[in-house]
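First up is the structure itself, then whatever we jot down about it.
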Amino acid sequence: MPKDAERAYLANIGEDGAHHSLHKPFSDPYCGLELASIGFIMGLLPSPPAHILDMGCGGGWTSQFFARAGYTVTGQDIAPDMITLAQENARVNGVTDRTTFICSDFENLDLDGQFDAAIFFDALHHADDEALAIRSAYRALKPGGMLITHEPGEGHSIAPGSIEAMERYGVNERDMPPHLIMARGREAGFTGFRVLPMPHVLQDIFYTPRSYPNRRLSARRWRMTKRVLKLLFEPDLKQGAIVVMTK
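Numbering (this note's numbering), first residue to last: 348 to 594.
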């Protein structure tokens, strides 16, 4: 069962995996993009010391970043040993006074109306039932609160790394595109919706060296700018994105 696999994930990935989880994002080859994503999300959040629910927080690296920025953070994860790791992460980073961690299933939370914002950072696509998880987030939010998701789009489930993780560890690696997230959000009662491009999309457009030939720079940059504007005003609802929904 995927939920049992999630509970056993840290034990199954071994000591190196635990070290990687504790030291994220700096232990990760995508560290730069993960830092950019956290920065983007912080720019969307209400000002500190707003109360944040970090759903599926794993080893707590996202929670400690939010806490270090001045937020009051409750991190949630289904795996008891991940919660222990998250508590250690908070201790190492000096934010135990601004963090609380709970071991629970995010598809069935009892946290009604307590939070200014809730976040799924690369966690919702591990759910058995994303509708139940999004409803849990909706219930946990105060009126006017926001849910922010940072999730992969269509094709994630058939990517080689996803197939390996499912076969090796038994976890879910599901497609979680914006159109599905927003459909479940509407069912839960969310009314405001925004879809924003992932940092890796902006990196590909603006920062990848092949995007900047020495010749005809201005014309090429104009084409790239139009592509970004299209992403902002006509977002691709199938690819991975940051989705913001308001209660």
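Glycine residues also receive a C-beta, built at the ideal position from the N, C-alpha and C atoms.
Nothing here was measured: the structure is a model prediction, and the numbers come from that model.
>> Is Ala414 close to chain D? Criterion is C-beta to C-beta, closer than 7 Å.
In response: In summary, chain D is missing from the structure at hand, where a single protein chain is found.
> Should Tyr554 go down as buried or exposed, given a rule of 16 or more other Cβ atoms within 10 Å for buried?
Replying inline: exposed
> When burial is assigned at 16 or more other CB atoms within 10 Å of the CB, is Pro376 buried or exposed?
Replying inline: exposed
> Do you know whose CA, among Met402, Ile385, Met493, Met592, lies nearest Leu471's CA?
Replying inline: Met402
> So is Phe462 buried or exposed if we call it buried at 16+ other beta carbons inside 10 Å?
Replying inline: buried
> Once you ignore the five residues that flank Met389 on each side, which residues in its own chain have a CB closer than 7 Å to its CB?
Replying inline: Ala416
> Thinking C-alpha only, which one of Lys489, Glu520, Val518 is nearest Gly536?
Replying inline: Lys489
> Is DSSP giving Leu501 helix, strand or coil here?
Replying inline: It is Glu, not Leu, that sits at residue 501 in the sequence shown. Residue state, collapsed to three classes: coil.
>> Is any non-hydrogen atom of the ligand NAP found closer than 6 Å to the C-beta of Ile360, if you look at the structure I gave you?
In response: Absent from the structure shown: the ligand NAP. Ligands present: none.
> Taking the C-alpha atoms as reference points, what is the distance between Phe412 and Glu534?
Replying inline: 31 Å
> How would you call Asp363, buried or exposed, if buried means at least 16 neighbouring beta carbons within 10 angstroms?
Replying inline: exposed
>> Going by beta-carbon coordinates alone, are Gly587 and Met529 separated by less than 7 Å?
In response: no
>> Between Ala437, Ser451, Asp452, which has its C-alpha nearest Arg445's C-alpha?
In response: Ala437
> Between Thr538, Glu514, Ala474, which lies nearest to Pro499 when the distance is taken from Cα to Cα?
Replying inline: Ala474
> How far does the alpha helix (DSSP H) with Pro544 in it reach, from first residue to last?
Replying inline: Unbroken run through Pro544 is the beta strand (DSSP E), 539-544; no alpha helix (DSSP H).
> Comparing alpha-carbon positions, which option in Phe448, Thr443, Leu584 lies nearest Thr421?
Replying inline: Phe448
> Considering only the beta carbon of each residue, do Pro396 and Val518 sit closer than 7 Å?
Replying inline: no
> Nearest to Asp522 by alpha carbon, out of Asp469, Phe453, Val442, Lys594?
Replying inline: Asp469
> Which residue's Cα is closest to the Cα of Phe540: Val591, Pro525, Pro582?
Replying inline: Val591
> Would a C-beta distance cut-off of 7 Å place Gly425 and Arg482 closer than the cut-off?
Replying inline: Residue identity check: residue 425 is Ile in the sequence provided, not Gly. No, they are not a contact pair.
> Should Pro524 go down as buried or exposed, given a rule of 16 or more other Cβ atoms within 10 Å for buried?
Replying inline: buried
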